[in-house]
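Number of protein chains: 2
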Amino acid sequence: MMSERPSAPRFQRLALIGCGLMGGSFALALRKAQLVGHIAGFSASEKTRQRALALNVIDQACNSVAEAVAQADLILLAVPVGAMHGSFAALREAMQPHALLMDVGSTKCDVVAAAQATLGERLSCFVPAHPIAGKEVAGIEHAESTLYQDRRTVLTPLPQTNMQRLRAAHDVWVAIGSHVSTMTPEAHDSTFAAVSHLPHLLAFAAVNALVAQPQSNALLEMAGPGFRDFSRIAASDAAVWRDILSANQTEVLKQISHFRTALAQFENALKQGDTSDLQQLIQQASEVRSGWSLQAGDAGQIASDT
Amino acid sequence: MMSERPSAPRFQRLALIGCGLMGGSFALALRKAQLVGHIAGFSASEKTRQRALALNVIDQACNSVAEAVAQADLILLAVPVGAMHGSFAALREAMQPHALLMDVGSTKCDVVAAAQATLGERLSCFVPAHPIAGKEVAGIEHAESTLYQDRRTVLTPLPQTNMQRLRAAHDVWVAIGSHVSTMTPEAHDSTFAAVSHLPHLLAFAAVNALVAQPQSNALLEMAGPGFRDFSRIAASDAAVWRDILSANQTEVLKQISHFRTALAQFENALKQGDTSDLQQLIQQASEVRSGWSLQAGDAGQIASDT
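Residue numbers (the working numbering), protein chains in the order written: chain A, 96 to 401; chain B, 96 to 401.
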């Protein structure tokens, strides 16, 4: 009798396009789960490629996207979302028709649009993916095999996505410990504008508001553990977040507008000295936040959610 | 020869006015450091008094502020800042002239004004104190002797403050592991409006902005570890934070204004599609936050900074 547990797909060759924290962690997780034979890596930076090789994250450093993907049955695009279009264009002709192609971008509508504009008949191979994991530090040296464990991964398949590819994508993320959800690219981007992109933007703006004050050093010296946690995500990578916020501009602007409304309620209650209104506003936030907990595991202490 | 290490003051009797997280933790810390003989506690709630007694945080539950402070050589006011005025008025006639009187309020100008309006000649006994510690959960059952360890405590003495009282206050906080700073009440309130009160208000407003959206439950389900840490302080106690924000209204409104300016810079960069400007704004925040670390110890994972 066959086992009823879904068997994780095994891949001959992973092509890792972008050898940073996210891609490196995926490679390490696959290797640890014995799901992959050979890992070929490409990074725009020669130095990064060599570091990935030296750290044994990849088995082979390739000089081009085309070389990396040529014989791969699994391709992971782990580049900033602004570099997706160019990467798709570079791999389209070189990739194998049976390969599974995924990205790990934090926005999905723009990545899907880039795929639709470039991939042609290979579009069916593509399963857009967003693992809700990360750290506020970037780079291959911070990669770890457990980054995606007990984290959520959102897949946003297209009408053209091949069902077998979608199933394989689901199984590989589950096999490395992730909890998989599926939604449309549009729902993804509006959801994460609210729960991730806006909080990052607010944390960036809060730090900048401090820096703009002449006594900012003295202020920062007095900041405590509340500030530490509130502002942790403000240490995130600037290039990564420039791309995320730009790519999801419309939804982020909508969320800023929602936030401004909520902020104005506090400002009005304060200006009018309406302590009853003020308490109600705080009470609502406090009750909702006290009743909330991270759905897909709560193991990591320093994880970000790019 | 005398030891050169400052000896921690020993107290016969601590009067704890307010038996919650902050006061209870102070009592436990003093007891553990063997700095106090007897602890008399008063709380407006009979139930809370009895719980503090049952948990051995206090040795005696008193029926009034006057009864608690009558024979005390150390008095700690650990009530919401809105209840300070009434507490000062209730203890003035009953307290001993040699006692050291401190509070643990998160705002100082309003507490100082209340003291000046009520304490009369006992004003010299009063050393306003703000330990930068706490949790986002309230109540005596969460009190712990290590709450103030490796945390900063700010003292804001008045011109009338007796120097021996100030020295004793300094020594007792140091003896329970705290790092003591001194500043004026005004500097305290403008500093903490920036590094604590504004972040709390922004976290409250961010949660309320989510709640105001029809699909808020689905949004919250997708929130990740970045949101978890960013919004942790939004779970703080509503009555406590109503009082803090109200008491420090002017400085908090100034900080909201600074924040609005920083937020507008992001909004403009996004609207204009100015990715270079956007990256610079993020880069500034990221560099400052990456270079920052908690000055006075970083032991607690769940500490707040009321």
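Cβ atoms here follow ideal geometry from the backbone N, Cα and C, with glycine treated the same way.
Predicted model, so just to flag it, every value in this text is computed and none were measured.
Which of helix, strand or coil DSSP assigns to residue i
| i | result |
| --- | --- |
| B:PRO252 | coil |
| A:THR277 | strand |
| A:ASP266 | helix |
| B:GLN244 | coil |
| A:PRO309 | coil |
| A:ILE170 | strand |
| B:GLN155 | strand |
| A:PRO294 | helix |
| B:PRO175 | coil |
| B:TRP387 | coil |
| A:ILE271 | coil |
| A:ALA189 | coil |
| B:ASN257 | coil |
| A:GLY321 | helix |
| B:ASN343 | coil |
| A:GLU239 | coil |
| B:VAL160 | helix |
| B:VAL232 | coil |
| A:GLY118 | helix |
| A:ASP332 | coil |
| B:GLY113 | coil |
| B:GLY368 | coil |
| B:SER381 | helix |
| A:ALA359 | helix |
| A:SER182 | helix |
Beta carbon proximity, residue i to chain A, threshold 7 Å
| i | result |
| --- | --- |
| B:TRP415 | Residue 415 of chain B lies beyond the residue range present for chain B, which begins at 96 and ends at 401; the question has no answer from this structure. |
| B:ILE411 | An answer regarding residue 411 of chain B cannot be provided, because it is not within the stretch 96 to 401 covered by chain B. |
| B:PHE183 | no |
| B:LEU250 | no |
| B:LEU314 | yes |
| B:ARG384 | yes |
| B:MET174 | Sequence check: residue 174 of chain B is Val here, not Met. No - not a single Cβ of chain A is within 7 Å of the one on B:VAL174. |
| B:GLY115 | no |
| B:GLU239 | no |
| B:LEU123 | no |
| B:THR277 | no |
Cutoff 7 Å: residue i Cβ touching any chain B Cβ
| i | result |
| --- | --- |
| A:GLU281 | no |
| A:GLU346 | no |
| A:LEU365 | yes |
| A:ARG260 | no |
| A:ALA289 | yes |
| A:ARG105 | no |
| A:THR286 | yes |
| A:SER381 | yes |
| A:HIS265 | no |
| A:HIS274 | no |
| A:VAL206 | no |
| A:HIS180 | no |
| A:VAL152 | no |
| A:THR370 | yes |
Exposure label - residue i; buried when at least 16 CB within 10 Å
| i | result |
| --- | --- |
| B:GLN107 | exposed |
| B:HIS193 | exposed |
| A:GLY321 | buried |
| A:SER331 | buried |
| A:SER140 | exposed |
| A:GLU216 | exposed |
| B:SER98 | The predicted position of B:SER98 is uncertain, since its pLDDT is 42 and thus under 50; no value can be drawn from it. |
| B:THR429 | For residue 429 of chain B there is no data in the structure shown, the boundaries of chain B being 96 and 401. |
| A:MET117 | buried |
| A:THR356 | exposed |
| B:GLN344 | buried |
| A:THR202 | buried |
| B:ASN303 | buried |
| B:ALA149 | exposed |
| A:SER240 | buried |
| A:SER371 | exposed |
| B:PRO223 | buried |
| B:GLN230 | Looking at the sequence provided, one finds Lys at residue 230 of chain B rather than Gln. With 16 or more other Cβ atoms within 10 Å, it is buried. |
Beta bridge counterpart(s) of residue i as assigned by DSSP
| i | result |
| --- | --- |
| A:HIS133 | A:ARG108 |
| A:PHE221 | A:LEU196 |
| A:LYS203 | In DSSP, A:LYS203 forms no bridge with anything. |
| B:PRO226 | B:THR248 |
(Q) Counting only Cβ-Cβ distances shorter than 8 Å, please list the residues of the stretch 292–304 of chain B near chain A, keeping chain order. (A) Contact residues of the stretch 292–304 of chain B toward chain A are LEU293, PRO294, HIS295, LEU296, LEU297, ALA298, PHE299, ALA300, ALA301, VAL302, ASN303, ALA304 (C-beta to C-beta distance below 8 Å).
Q: Mind checking the stretch 316–328 of chain B against chain A and listing, in chain order, the residues whose C-beta falls within less than 7 Å of any C-beta there?
A: Listed in chain order, the positions of the stretch 316–328 of chain B with a beta carbon within less than 7 Å of a beta carbon of chain A are GLU316, MET317, ALA318, GLY319, PRO320, GLY321, PHE322, ARG323, ASP324, PHE325, SER326, ARG327, ILE328.
Q) Of all the residues that make up the stretch 213–225 of chain B, which are near chain A by a beta-carbon distance shorter than 9 Å? A) So the list is empty, because no residue satisfies the distance condition.
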